[in-house]
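Colleague: Below is a structure I'd like to ask you about.
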Amino acid sequence: MAEYDVIVIGGGPGGYVCAIRAAQLGLKTACVEGRGALGGTCLNVGCIPSKALLHASHSLHEAEHNFAKMGLKGKSPSVDWAEMQAYKDDVVAQNTKGIEFLFKKNKVDWIKGWASIPEAGQVKVGDESHSARNIVIATGSEATSLPGVEIDEKVVVSSTGALSLPRVPKKMVVIGAGVIGLELGSVYARLGTQVTVVEYLDQVTPGMDDEIAKTLLRTLKKQGLEIILGAAVQGVDAKKTKATVSYKLRKDDSEHTLDADVVLVATGRKPFSDGLGLDALGVKMTPRGQIATDHWQTSVPGIWALGDVTEGPMLAHKAEDEGMAVAESIAGQAGHVNYDVIPGVIYTSPEVAAVGKTEEQLKEQGRAYKVGKFSFMGNGRAKAMFAGEGFVKILADKQTDRILGVHIIGPSAGDLIHEACVAMEFGAAAEDLARTCHAHPTVSEAVREAALACGDGAIHA
Ligand code: NAI
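For the record, in the sequence shown the residue sitting at position 269 is 252 according to our numbering, with numbers rising by one throughout.
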């Protein structure tokens, strides 16, 4: 039995970051992870492998559609799926091994296995018990399915199965036009699969700024994805190698079916805390099955929780920030997360990124605001990359000019958004961005132009 200051349960982005920071702050720290590799869903079966496949399939798209336009002639590459999978697995392994290295470097013990908490201050892994002054639950989330739809990870798959299909399917039906559905739907569409996305709501990516969501929908349709909106999936009839998805159109209750080789269920994720023994401990939960917290402390003293298993957006970077804040709080520092400035990115092509309020939210609050918009068509660098589609939209307070929200669809949106995040952390006005010199020629000039459009006007529009 070993004694620790902190035992973190879960080695995903929330858990491993918390463990590393706790060790850096001088606390004797261990992290329990039973998956066989560190990095959680994000590194093993989420963000990282999907970005490898997005990069590979985007490169194919460039070769097929844009190379010839630049005078690069010749036969476009064909897809060797086994090699693409091996490349993806290698990217995953490099990243998960990287966390192992960081644990060693920072003297964090990796306890391999699945943990339970028999009582506050005790963590059991297999036959071994360890004591800890602080226990941090960072056990993440798992895919949800629809009532009556069983995920077999072969024909009916979650994002996990979709990342490791044995072959590129001819026909795929994606249930849910959220982040996972659109990212993985675009991967397979680019690889030649006929992809149909069925979405309950009347728009894609719920919660996103309306104008951006409409532009994304139009762009994805142009890329060949079929997207059926306002359609409630009723069930999936799965056979050995095929499945039929039945859905009802909400506008007229008409019933329809779609055949597919693979059905991807992407209707959300739910918090995962099975096997920890939280009931017996009396840890309070929210009505949505998350662990209830107050500044990341659960209802049981000495037990903390963070990331997907708690309230808030299920995003790796939100969990990472909470991981640092919890470690700092345990070490007696002032742990802090600014929940108003958490960016969201969708890695489609073009990328979509957002931070702060949407126009719809500002209207609902009755807040007076102004809009500065700039199209990537007016940006020289974007045009040279055939990436003129999309725009930057800045929402600023009408009186004070303070930036309230930034929404980008276009090249490198997921990187550009951080200029807005930094500005918002400093309480900047749109004019602050507009008066900041931006290197030419970069796509970041579009952000400055949108900021200029909040004042006397953009130059290149
Ligand atoms: P989501 O919540 O983003 O989207 C689920 C979609 O399914 C919604 O649009 C919903 O209306 C639809 N839906 C639900 N029931 C339906 C039905 N019966 N018929 C048709 N449509 C139905 O969930 P998603 O995409 O599964 O992602 C799960 C979580 O993982 C999210 O919290 C997301 O933020 C996170 N994630 C984030 C990524 C990123 O930041 N790039 C990448 C992947 C996942």
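We treat Cβ as the ideally placed atom computed from N, Cα and C, and that holds for glycine.
Can you determine whether any heavy atom of the ligand NAI sits closer than 6 Å to the C-beta of residue 297, and answer yes or no?
Modeller: The answer is yes for residue 297.
Colleague: Residue 250 to residue 13, Cα distance in whole Å?
Modeller: If I take the Cα positions, the gap works out to 34 Å.
Colleague: Does DSSP classify residue 399 as helix, strand or coil?
Modeller: Three-state result, residue 399: helix.
Colleague: Any idea which residues DSSP pairs residue 323 with across the strands?
Modeller: Its beta-bridge partners do not exist; DSSP assigns none.
Colleague: Straight-line CA distance for residue 403 to residue 389?
Modeller: In a straight line, the C-alpha of residue 403 is about 7 Å away from that of residue 389.
Colleague: Count the other CB atoms within 10 Å of the CB of residue 394; is the residue buried (16 or more) or exposed (fewer)?
Modeller: Burial call: buried.
Colleague: Within the same chain, show all residues whose beta-carbon is closer than 7 Å to that of residue 364, passing over the 5 residues directly before and after it, in chain order.
Modeller: 424, 425, 426, listed in sequence order.
Colleague: Does DSSP classify residue 32 as helix, strand or coil?
Modeller: If DSSP states are grouped into helix, strand and coil, residue 32 belongs with the helices.
Colleague: If we ignore side chains and look at the alpha-carbon of each, how far apart do residue 410 and residue 419 end up?
Modeller: Cα-Cα distance, rounded: 15 Å.
Colleague: Quick one: what does DSSP say residue 356 is sitting in, helix, strand or coil?
Modeller: If DSSP states are grouped into helix, strand and coil, residue 356 belongs with the strands.
Colleague: Cα separation between residue 376 and residue 355?
Modeller: Between residue 376 and residue 355, the C-alpha separation is close to 6 Å.
Colleague: When the Cα of residue 380 is compared with those of 341, 320, 266, which residue comes out closest?
Modeller: Taking only the C-alpha atoms, the option nearest residue 380 is 341.
Colleague: When DSSP builds the beta bridges, which residues end up paired with residue 254?
Modeller: DSSP, once it has assigned bridges, lists 124 as partnering residue 254.
Colleague: Using only the heavy atoms of the ligand NAI, determine whether one of them is closer than 6 Å to the beta carbon of residue 13.
Modeller: No; taking the cut-off as 6 Å, the Cβ of residue 13 has no heavy atom of the ligand NAI nearer than that.
Colleague: I want to know whether the segment 153 to 160 touches the segment 286 to 300 - three or more CB-CB distances under 8 Å.
Modeller: No, they do not touch.
Colleague: Can you list, in chain order, the residues of its chain with a C-beta nearer than 8 Å to that of residue 105? Leave out the 5 residues immediately preceding and following it.
Modeller: Excluding residues within five positions, the ones whose Cβ falls inside 8 Å are 112, 113, 114, 115.
Colleague: Let me check understanding here. Comparing Cα to Cα, which of 173, 22, 260, 171 lies closest to residue 102?
Modeller: Out of 173, 22, 260, 171, 260 has the C-alpha closest to the C-alpha of residue 102.
Colleague: Would you grab the beta carbon distance between residue 292 and residue 123 for me? Rounded to a whole angstrom, and I think it's under 8 Å.
Modeller: About 6 Å; that satisfies the 8 Å criterion.
Colleague: Note the first and the last residue of the continuous beta strand (DSSP E) segment covering residue 210.
Modeller: That run of the beta strand (DSSP E) goes 209 to 211.
Colleague: Pairing CB atoms from the segment 303 to 318 with CB atoms from the segment 273 to 284, are three or more of them under 8 Å?
Modeller: Yes, since at least three Cβ pairs between the segment 303 to 318 and the segment 273 to 284 fall closer than 8 Å, the two stretches touch.
Colleague: Short of 6 Å in beta carbon distance, which residues of its chain neighbour residue 371, apart from the five on each side in sequence? Order them along the chain.
Modeller: Once the five neighbours on either side are set aside, the close Cβ partners of residue 371 are 359, 360, 365.
Colleague: If you measure from the beta carbon of residue 137 to each beta carbon in chain B, is any gap under 7 Å?
Modeller: The chain inventory of the structure shown lacks chain B, comprising one protein chain alone.
Colleague: Could you work out which residue in 223, 213, 308, 440 is closest to residue 234 when comparing CA atoms only?
Modeller: Residue 234 has its Cα closest to that of 213, out of 223, 213, 308, 440.
Colleague: Pick from 432, 305, 211, 134: whose alpha carbon is nearest that of residue 247?
Modeller: When each option's Cα is compared against that of residue 247, the closest is 134.
Colleague: With a cut-off of 8 Å on the beta carbons, I'd call residue 62 and residue 151 a contact; round off their distance for me.
Modeller: Confirmed, about 7 Å.
Colleague: Please determine whether the Cβ atom of residue 189 lies at a distance below 6 Å from any heavy atom of the ligand NAI.
Modeller: Yes, the ligand NAI has a heavy atom inside 6 Å of this Cβ.
Colleague: Rounding to the nearest angstrom, what Cα-Cα distance links residue 18 and residue 97 in this structure?
Modeller: Cα to Cα, residue 18 sits roughly 8 Å from residue 97.
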